[in-house]
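Peer 1: Residue numbers (the numbering used here): 37 to 382. This is the structure I have questions about; it appears just below.
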């Protein structure tokens, strides 16, 4: 049996296989063959087309000059719509702002910086659709936002809510920019390639850890706790559910308007090991549930100030505390797999 390996500084980025030469050639060909703009009539546009066709048919059959004049105005209307919509889309640039942490199944806010690089022409009625690559090569809409007007040289910030379906690496690949300006007859769009990678952490379930937690207890797949011997008061912290009432520091609580309890050194000296079984497990909902539970335990324990380590059947992340350890453990759990040896974190 192989001995567990020690995971070092963090989970690291996912290693994705290099695409084949044929796949790269096909992707390049698709980019070259894709039209720079996509124009689709709206329902109002189809009605306008039918009316224009009817006026043109009547003008040809009657020879009425007034009908020819009306037909000319309607055709000019179509041309003007195309010119103005093109001026609205030209010069639009979008930059993505991802949140620091993404959790599977939890809504997160993504920011979009939308810039109009034109010097004299404003852009109107801009709809931005962000697209993400999940489950292989399948693109789906991550979210969308709307800007009524973007002045020349102006940059505005818009937000949308994004929910990742599952944990693991995720790639934001492109923006779709739409406009129906000026008359709503056409929906003109263009694609802007913009790639960003992120790591989606496992979903978190709210857990409460007793403040006096110690000894060997099971809070899930397995936790081993080592508590220091000291019990001297070392400071104050906010009251948490389960804290003994005798430890409330009433003077500080009254002064600050919220309950504070005395913190003992044993709370700061705890070193807890969280265990996740991976060997012999099968990918599926049962394993994903175990990963979510483990991540929830890790977060709850770190929030108490404990030093937390994580052990699987193939790896060990040494005990530590604080934000760095939080990111390292969650990053590891984001990519851990069932029944297979995970790569050593770098």
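For every residue, glycine included, the Cβ atom is placed at its ideal position computed from N, Cα and C.
One question on the structure: do residue 179 and residue 197 come within less than 9 Å of each other, judged by their Cβ atoms?
Peer 2: yes
Peer 1: If we call anything under 9 Å between Cβ atoms a contact, is residue 345 one with residue 355?
Peer 2: Contact flag set, yes.
Peer 1: Where in the segment 108 to 184 do unbroken runs of the beta strand (DSSP E), each at least 3 residues long, occur, reported from the N-terminal end onward?
Peer 2: Along the length of the segment 108 to 184, whole beta strand (DSSP E) runs at least 3 residues long occupy 128 to 133, 143 to 152 and 159 to 170, reported in chain order.
Peer 1: Is it buried or exposed, residue 224, if we count other Cβ atoms within 10 angstroms and call 16 or more buried?
Peer 2: buried
Peer 1: Indicate the three-state DSSP secondary structure (helix, strand or coil) for residue 312 in the structure shown.
Peer 2: coil
Peer 1: In the DSSP output, which residue or residues are listed as bridge partners for residue 212?
Peer 2: 165 and 227
Peer 1: Counting only the same chain and skipping the five closest in sequence on each side, list residues whose C-beta sits under 7 Å from that of residue 95.
Peer 2: 103, 104 and 107
Peer 1: Roughly how many whole angstroms lie between the Cα atoms of residue 348 and residue 282?
Peer 2: 39 Å
Peer 1: Looking at residue 121 and residue 217, is the spacing between their C-beta atoms short of 9 Å?
Peer 2: yes
Peer 1: I think residue 239 touches residue 140, with their Cβ atoms under 8 Å apart; what is that distance to the nearest whole Å?
Peer 2: Right, their Cβ atoms sit about 4 Å apart.
Peer 1: Starting from the Cα of residue 144, find the closest Cα among 368, 85, 375 and 195 and give me that residue.
Peer 2: When only C-alpha atoms are compared, the closest one is 195.
Peer 1: Going by C-alpha distance, which of 211, 128 and 175 is nearest residue 190?
Peer 2: 128
Peer 1: If you compare alpha carbons, which of 131, 88, 275 and 200 is closest to residue 213?
Peer 2: 131
Peer 1: Just how far apart, CA to CA, sit residue 86 and residue 78?
Peer 2: 13 Å
Peer 1: When the Cα atoms are used, what is the spatial distance from residue 148 to residue 165?
Peer 2: 10 Å
Peer 1: Name the two residues that bound the continuous beta strand (DSSP E) containing residue 197.
Peer 2: 191 to 199
Peer 1: Please find out if some non-hydrogen atom of the ligand SAH comes closer than 8 Å to the beta-carbon of residue 202.
Peer 2: By its list of ligands, the structure shown contains no ligand whatsoever, and the ligand SAH lies outside what it can speak to.
Peer 1: For the alpha helix (DSSP H) holding residue 288, just list the boundary residues, first then last.
Peer 2: Its alpha helix (DSSP H) spans residues 286 to 292.
Peer 1: Which of the three DSSP states, helix, strand or coil, is assigned to residue 240?
Peer 2: coil
Peer 1: Go through its chain and collect everything with a Cβ distance to residue 226's Cβ below 7 Å, but skip five positions before and after it.
Peer 2: 72, 73, 125 and 213
Peer 1: Less than 9 Å between the beta carbons of residue 146 and residue 134, yes or no?
Peer 2: yes
Peer 1: Which residues in the same chain have their Cβ closer than 6 Å to the Cβ of residue 231, if we skip the five residues on either side of it in sequence?
Peer 2: 209
Peer 1: In three-state DSSP terms, what is residue 253?
Peer 2: Here residue 253 scores only 38 on pLDDT, less than 50, and its place in the model should not be relied on; the value that follows carries that caveat. Three-state DSSP puts residue 253 in a strand.
Peer 1: How about residue 337 and residue 326: do their beta carbons lie closer than 9 Å?
Peer 2: no
Peer 1: Among 222, 170 and 188, which has the Cα closest to the Cα of residue 201?
Peer 2: 170
Peer 1: Suppose you measure from the CA of residue 50 to the CA of residue 205; what does that come to, to the nearest Å?
Peer 2: With a pLDDT of 40 at residue 50, under the threshold of 50, the predicted position of this residue should be treated as unreliable, though the coordinate-derived value follows. Cα-Cα distance, rounded: 6 Å.
Peer 1: Along the chain, where does the beta strand (DSSP E) containing residue 345 start, and where does it finish?
Peer 2: Where residue 345 is concerned, the enclosing beta strand (DSSP E) starts and stops at 343 to 347.
Peer 1: Quick one: what does DSSP say residue 269 is sitting in, helix, strand or coil?
Peer 2: Bear in mind that the predicted position of residue 269 carries a pLDDT of just 45, short of 50, making it unreliable; the figure below should be weighed with that in mind. Correct three-state label for residue 269: strand.
Peer 1: Taking DSSP's pairing of strands, which residues face residue 233 in a bridge?
Peer 2: 207
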